[in-house]
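Numbering (this note's numbering), first residue to last: 281 to 484.
Printed below as a string of structure tokens:
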């Protein structure tokens, strides 16, 4: 940003999880000054990113130029480019990052909740959670124990997902009293831009 314009968001990330699908992100360039300002938009330089926008020109105070950016990858790898915005105070560069991802909000390695329900005291219960790498790239994974409970065990807590492979996480629950218990794991992978998320394991 500068004193005239603010870009929201300041950078764009494109998670590649399906090679046949174009990935679309939107960015707003907001005039934060007190007067109308001229804006010129220059498209990314590589063939993997393209833009679509209404005719850019003078932007009124408080208004925004909306830009639609599309990424069309041809293989599972890292891509980088920039969107260049020319203003009266100089250029603003908006970084564009695209990368293969095995975890998206709609495709998680593990569920966010694993519920054993009501168990019989002293009995041993087991759930097998299968993590699958659908991509032709390798990832490491790690399960970080945030909250633990002696009635709940999880193995393994780390490992490697080869292209197209699976890994099985075994969750065991053995209630020793009639109380509700919970353990919490943070799920992480080595992929670029991955936002760790929580997996909660419950039993009663």
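Positions of the beta carbon are idealized from the N, C-alpha and C atoms, including for glycine.
Just to confirm the assignment, what range does the beta strand (DSSP E) spanning residue i have?
| i | result |
| --- | --- |
| residue 414 | Unbroken run through residue 414: none, as it is neither H nor E. |
| residue 302 | Here residue 302 belongs to no beta strand (DSSP E), and DSSP marks it neither H nor E. |
| residue 392 | Counting along the chain, residue 392 falls outside any beta strand (DSSP E), and DSSP gives it neither H nor E. |
| residue 458 | Segment: none, residue 458 is in no beta strand (DSSP E) and carries neither H nor E. |
| residue 334 | Residue 334 -> no beta strand (DSSP E), and no H or E assigned at all. |
| residue 452 | 446-453 |
| residue 320 | 320-322 |
| residue 349 | 344-351 |
| residue 433 | 432-435 |
| residue 481 | 477-483 |
Taking C-alpha atoms, which residue in the options lies nearest to residue i?
| i | options | result |
| --- | --- | --- |
| residue 476 | 381, 350, 284 | 381 |
| residue 352 | 434, 375, 326, 372 | 326 |
| residue 478 | 424, 292, 449, 429 | 424 |
| residue 292 | 458, 417, 373, 407 | 373 |
| residue 403 | 438, 432, 334, 377 | 432 |
| residue 299 | 417, 311, 330 | 417 |
| residue 346 | 358, 331, 481, 360 | 331 |
| residue 485 | 333, 359, 356, 390 | Because the chain spans 281 through 484 in this model, residue 485 falls outside it and cannot be assessed. |
Quick check: the Cα distance between residue i and residue j, rounded to an integer number of angstroms?
| i | j | result |
| --- | --- | --- |
| residue 469 | residue 436 | 14 Å |
| residue 306 | residue 483 | 42 Å |
| residue 392 | residue 442 | 23 Å |
| residue 308 | residue 285 | 10 Å |
| residue 338 | residue 375 | 23 Å |
| residue 335 | residue 471 | 37 Å |
| residue 454 | residue 438 | 22 Å |
Starting from residue i, follow its DSSP beta bridges and name the residues at the other end.
| i | result |
| --- | --- |
| residue 286 | 310 |
| residue 371 | 366 |
| residue 406 | 452 |
Near residue i, what residues of its chain come up, given a Cβ to Cβ distance below 8 Å and the 5 sequence neighbours on each side ignored?
| i | result |
| --- | --- |
| residue 282 | 367, 369, 370, 372 |
| residue 388 | 467, 477 |
| residue 429 | 461, 462, 463 |
What residues in its chain sit with their C-beta under 6 Å from that of residue i, if we drop five residues either side in the sequence?
| i | result |
| --- | --- |
| residue 409 | 390, 449 |
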